[in-house]
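Q: Encoded as structure tokens, here's the structure I'll be asking about.
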Amino acid sequence: MAAPFDLKNDDVVVIVGSGAGGGTLGNELAQKGIDVVILEAGARHEYEDFINDEWDSFAQLAWKDKRTTSGDWRVAKDFPNLPAWIVKSVGGSTTHWAGASLRFQEHEFKTLSTYGKLEGANLLDWPVTLAEMEPYYAKAEAKMGVTGTNNWPRLPGNNNFKVLKAGADKLGYKECHTGNMAINSVERDDRNSCQQTGFCFQGCKWGAKWSTLYTEIPKGEATGHLEVRPNAMVIKINHDASGKVTGVVYADKDGKLQEQKARIVAVAGNSIESPRLLLNSESSKFPHGLANSSGQVGKNYMRHTTGSVYAIFDKPVHMYRGTTMAGIIRDEARHDPSRGFVGGYEFETLSLGLPFMAAFLNPGGWGRSFTTALDRYDHMAGLWIVGEDMPREENRITLHKDEKDEHGMPIADVHFDDHPNDTAMRNHAYKQATALYDAVGATRSFPTPPYPSTHNLGTNRMSEKAEDGVVNKHGQAHDIKNLFVSDGSQFTTGAAENPTLTIVSLAIRQADYIAAQMSAKTI
Amino acid sequence: MVTIYERKPHESRNGLSRRELLKRGGVGALLVISGSAVISPEHAWGLETAALKPETMATLIQVARDTYPHDQVPDKYYAVAVKGHDEMAAKDPAHKDLIEKGIAELDKKAGAGGYRGLGWEEQRVTLLKDIENSSFFQTVRGGLVVSLYNQKELWPIFGYEGESYSKGGYIARGFNDIEWL
Chain F
-9 MAAPFDLKND
1 DVVVIVGSGA
11 GGGTLGNELA
21 QKGIDVVILE
31 AGARHEYEDF
41 INDEWDSFAQ
51 LAWKDKRTTS
61 GDWRVAKDFP
71 NLPAWIVKSV
81 GGSTTHWAGA
91 SLRFQEHEFK
101 TLSTYGKLEG
111 ANLLDWPVTL
121 AEMEPYYAKA
131 EAKMGVTGTN
141 NWPRLPGNNN
151 FKVLKAGADK
161 LGYKECHTGN
171 MAINSVERDD
181 RNSCQQTGFC
191 FQGCKWGAKW
201 STLYTEIPKG
211 EATGHLEVRP
221 NAMVIKINHD
231 ASGKVTGVVY
241 ADKDGKLQEQ
251 KARIVAVAGN
261 SIESPRLLLN
271 SESSKFPHGL
281 ANSSGQVGKN
291 YMRHTTGSVY
301 AIFDKPVHMY
311 RGTTMAGIIR
321 DEARHDPSRG
331 FVGGYEFETL
341 SLGLPFMAAF
351 LNPGGWGRSF
361 TTALDRYDHM
371 AGLWIVGEDM
381 PREENRITLH
391 KDEKDEHGMP
401 IADVHFDDHP
411 NDTAMRNHAY
421 KQATALYDAV
431 GATRSFPTPP
441 YPSTHNLGTN
451 RMSEKAEDGV
461 VNKHGQAHDI
471 KNLFVSDGSQ
481 FTTGAAENPT
491 LTIVSLAIRQ
501 ADYIAAQMSA
511 KTI
Chain S
2 MVTIYERKPH
12 ESRNGLSRRE
22 LLKRGGVGAL
32 LVISGSAVIS
42 PEHAWGLETA
52 ALKPETMATL
62 IQVARDTYPH
72 DQVPDKYYAV
82 AVKGHDEMAA
92 KDPAHKDLIE
102 KGIAELDKKA
112 GAGGYRGLGW
122 EEQRVTLLKD
132 IENSSFFQTV
142 RGGLVVSLYN
152 QKELWPIFGY
162 EGESYSKGGY
172 IARGFNDIEW
182 L
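Residue numbers (our numbering), protein chains in the order written: chain F, -9 to 513; chain S, 2 to 182.
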């Protein structure tokens, strides 16, 4: 059963956020007998409550609190107050994610050494290597039930995948399959297998897709060492005169401010909220925000170089049937500067329902060019581009100067400009994807601009040296020993792969480190 | 209140014969105005307005179709998609002003027969292009993205099947049934 902990209990580890990072860390610590309170800004919706309807589900799960945007990215024009498509609910964005679980490539932990200095990019090597991460990747894959690992079969390919595969074969791509997905291809872990329902982004009503909501969290709660407190929006982290953090202030379900004391605080609110919280926790001792002696908090915001290509065929496809991200091509994920850019990208199938296709195919578009595309909705196939984007100091999360939320906390502004490398990569991917669908007989293709960001990364980066970043190789703040960052904001660089598997692996590793440090009484 | 009501074909409202309705309807004779209602005699539905002039509503329906033209989608769905503007106009005078003035300007630009009097879609779209960046057009267009395409009754027309959990997903219902590759 869930263990309710007292607000004054200063022995607990407080984790802000219950997604891939926070939810996993919470369970891992609870399994070791460490008391944990997870404060989650959103409500708790169990998987049977999920809704097979795009707008209704968006209303149920999405983080809709106002944010502002600036920069040359098209999202700032089309969705100025919705820079990110992420979740405010117990389970965080693991309720919404597609399930793609790919390990980073070796060179992606060493981008500065591999790519060299690039003007306008703040490249840096991770203080961690692939070899160090491999045992944790293996633990994460086993925990999450990743297909294509541990002898779990890959998922069967749906119609959208079959079109992708036919095009991949025509273009001579070699590595095309139905992916490494944290979606049960067989019943396991007391959860269903995938029923090809097609609403992965709206929360899996079968519980077949891994989410902390119905795996890590109930397992942690069962130990008696984990309490998840929903509708608890953390607005400030407190510290003592020595600079150690002592607890957090949060607005409870009634909007009333509470303080939860803590021995350790781990921040896992995704890459917009985590730096927002650190910046908002400024004090006379830390006038630029917590853990910010480097000045890097909020900087190096990355969102992957993304985009989609949809194509129409003369015969039906019904791409929306079955797993949303139903297959992958990995050939372009390599680092090969002869293509005109550093780093690489993945192709992954993607489908939107009719309502979201209308909203995202060409935001702002109208007239026959637009509507004749939708007229052939059931003849469409589609894919998503996900590639490594360049970290830039100018791409950053800041606190809005004037606007505040209902708790009086300044709202976040998200600034993003594409690096020329990002643009070159996206254009290459558009060209390849268009050629791929042409090879299968597409009559028209649509290079579709990036959606509001689902992969938000890098705003509390990990670094070897304290002056280069916010946290060390364990996600521990360089400046404050008992303050940790446990989400994708600790990524030094973004790699080409979907981030969740790496976030989970880092959280498992961080739990080992925190437990060891607690035993050694260093924190 | 805006209400969309079904009518039996060829049944007239307020004693108007179908022929009379057609006569009043103007060039296209697709939508006619009767009292405070917009009526589609061909397709047996009507829409009553509360705040906006029924003529304005009829033109707004045409603007909606010209913005997101789907020849296989009946007018009724466009009427449903824009009826929210009448509801908003009833609550907010500024919104009423935005819509009435926006439509009046389109009618003025169109000349003698008004916007609905222009026979070809291209003629009407040319006028819309001119006001593409206006708050009137952006309000109407932006609203349509959700109010038109989120009508479940309309999804089958596009071959979108919607909710699938209650049917057991697609594992036994064609998730991999493509045959032409």
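The beta carbon of each residue, even a glycine, is placed where N, CA and C say it ideally should be.
1) Once DSSP output is grouped into helix, strand and coil, what is the label at Arg366/F?
2) Determine the burial state of Ser167/S: buried for a count of at least 16 other Cβ atoms within 10 Å of its Cβ, exposed for fewer.
3) Distance, Cα to Cα, Gly27/S vs Thr57/S?
4) Once the 5 residues before and after Gln73/S are set aside, which same chain residues still bring their CB inside 7 Å of it?
5) Could you tell me if Lys24/S is buried or exposed, where buried requires 16 or more neighbouring beta carbons within 10 angstroms of its beta carbon?
6) Pairing CB atoms from the segment 96 to 113 of chain F with CB atoms from the segment 428 to 439 of chain F, are three or more of them under 8 Å?
7) Hey, Val218/F and Ile227/F are a contact pair by Cβ (cut 8 Å); roughly how many whole angstroms apart?
8) Using only the alpha-carbon positions, how far apart do His229/F and Asp0/F sit?
9) Buried or exposed for Ser509/F, please, with buried defined as at least 16 other CB atoms from any protein chain shown within 10 angstroms of its CB.
10) Of the residues Pro94/S, Tyr116/S, Gly112/S, Ala95/S, which one's Cα is nearest the Cα of Ile104/S?
11) Please tell me whether Ile375/F and Ala423/F are closer than 8 Å, where the distance is taken between their beta carbons.
12) Between which two residues does the beta strand (DSSP E) carrying Ile254/F extend?
13) With Gln250/F as the anchor, note down where its alpha helix (DSSP H) starts and where it stops.
14) Against chain F, does Leu23/S count as a neighbour if the rule is that its beta carbon must be under 8 Å from one of theirs?
15) Touch check for the segment 286 to 297 of chain F and the segment 260 to 272 of chain F: three-plus C-beta pairs under 8 Å?
16) Determine, for Asp178/S, whether the minimum Cβ-Cβ distance to residues of chain F falls below 8 Å.
17) Are any of the Cβ atoms in chain S nearer than 8 Å to that of Val65/F?
18) Using a C-beta to C-beta distance shorter than 7 Å, which residues of chain S count as neighbours of Gln185/F?
19) Below 8 Å on the Cβ atoms is my guess for Thr205/F versus Asp179/F; work out the distance and round it to an integer in Å.
20) Are there 16 or more other CB atoms within 10 angstroms of the CB of Asn141/F, so buried, or fewer, so exposed?
21) Closer than 8 Å, CB to CB, is Arg311/F near chain S or not?
22) Are the beta-carbon atoms of Lys195/F and Phe40/F separated by less than 8 Å?
23) Between the segment 497 to 505 of chain F and the segment 458 to 474 of chain F, are three or more C-beta pairs nearer than 8 Å?
24) Which same chain residues end up closer than 6 Å to Gln185/F when comparing Cβ atoms and leaving out the 5 residues on each side of it in sequence?
25) Which one of Asp368/F, Met309/F, Ala111/F, Ala88/F has the shortest CA to CA distance from Asp412/F?
26) To the nearest angstrom, report how far apart Gly23/F and Gly12/F are at their CA atoms.
27) Give a yes or no on contact between the segment 362 to 374 of chain F and the segment 394 to 414 of chain F, applying the rule of three or more CB pairs nearer than 8 Å.
28) What residues of chain S sit near Arg358/F, judged by a beta carbon separation below 7 Å?
29) Determine the chain S residues that contact Gly343/F at a beta-carbon separation under 8 Å, and present them in chain order.
30) Can you tell me whether Met89/S is helix, strand or coil according to DSSP?
31) Check whether the segment 153 to 170 of chain F and the segment 425 to 433 of chain F touch, using three or more Cβ-Cβ pairs below 8 Å as the test.
32) Which residues in chain F sit within 7 Å of Trp181/S, going by Cβ to Cβ distance?
33) Counting only beta-carbon separations shorter than 8 Å, does Pro125/F have a partner in chain S?
34) Given a threshold of 16 other Cβ atoms within 10 Å of its Cβ, counted over all protein chains shown, does Ala59/S qualify as buried or as exposed?
35) Over what stretch of residues does the beta strand (DSSP E) that includes Tyr116/S continue unbroken?
36) Taking DSSP as the reference, what is the three-state secondary structure of Thr438/F?
A: According to the structure data:
1) In the structure shown, Arg366/F sits in coil (DSSP, three-state: anything other than H, G, I, E or B).
2) Counting the other Cβ atoms within 10 Å of the Cβ of Ser167/S gives fewer than 16, which makes it exposed.
3) With a pLDDT of 41 at Gly27/S, under the threshold of 50, the modelled position of this residue cannot be trusted; read the value that follows with caution. Rounded to the nearest angstrom, the gap between the Cα atoms of Gly27/S and Thr57/S is 14 Å.
4) Around Gln73/S, the same chain offers Ile158 as residues with beta carbons nearer than 7 Å, after the five sequence neighbours per side are excluded.
5) Confidence in Lys24/S is poor, its pLDDT being 44 and thus under 50, which makes the residue's placement too unreliable to answer from.
6) As far as the Cβ criterion goes, the segment 96 to 113 of chain F does not touch the segment 428 to 439 of chain F, which means the pair count is below three.
7) Not confirmed; about 19 Å, so no contact.
8) Cα-Cα distance, rounded: 12 Å.
9) Exposed, by the Cβ-count rule.
10) Looking at the Cα atoms, Tyr116/S is the closest of the given residues.
11) At the C-beta level, Ile375/F and Ala423/F come within 8 Å of one another.
12) 254 to 257 is the span of the beta strand (DSSP E), which, as asked, contains Ile254/F.
13) Residue range 247 to 251 is occupied by the beta strand (DSSP E) that includes Gln250/F, with no alpha helix (DSSP H) assigned at that position.
14) Bear in mind that the predicted position of Leu23/S carries a pLDDT of just 44, short of 50, making it unreliable; the figure below should be weighed with that in mind. Contacts with chain F at 8 Å (Cβ-Cβ) do not include Leu23/S.
15) These segments touch.
16) At least one chain F Cβ lies under 8 Å of Asp178/S.
17) No, its Cβ sits nowhere closer than 8 Å to a Cβ of chain S.
18) Residues of chain S whose Cβ lies closer than 7 Å to the Cβ of Gln185/F are, in chain order, Gly169, Gly170, Ile172.
19) Rounded, the Cβ-Cβ distance is 7 Å, consistent with contact.
20) Its Cβ having fewer than 16 others within 10 Å, Asn141/F is exposed.
21) At a cut-off of 8 Å between beta-carbon atoms, Arg311/F makes contact with chain S.
22) Yes, Cβ-Cβ distance for Lys195/F and Phe40/F is below 8 Å.
23) With a cut-off of 8 Å on Cβ pairs, the segment 497 to 505 of chain F is in contact with the segment 458 to 474 of chain F, counting three or more such pairs.
24) Closer than 6 Å at Cβ, skipping near neighbours: Trp196.
25) When Asp368/F, Met309/F, Ala111/F, Ala88/F are compared, the shortest CA-CA separation from Asp412/F is found for Ala111/F.
26) If I take the Cα positions, the gap works out to 17 Å.
27) The segment 362 to 374 of chain F, when compared against the segment 394 to 414 of chain F, does not touch it at the 8 Å Cβ threshold.
28) Against chain S, the beta carbon of Arg358/F has neighbours under 7 Å at Pro70, listed in chain order.
29) Residues of chain S whose Cβ lies closer than 8 Å to the Cβ of Gly343/F are, in chain order, Tyr161, Gly163.
30) Here Met89/S sits in helix by DSSP.
31) The segment 153 to 170 of chain F vs the segment 425 to 433 of chain F: in contact.
32) Close partners of Trp181/S in chain F (Cβ separation under 7 Å): Lys305.
33) Chain S contact via Cβ: absent.
34) By the neighbour-count criterion, in which 16 or more other beta carbons inside 10 Å mark a residue as buried, Ala59/S falls on the buried side.
35) Boundaries cannot be given for Tyr116/S, as no beta strand (DSSP E) includes it and DSSP labels it neither H nor E.
36) Thr438/F falls in the strand class under three-state DSSP.
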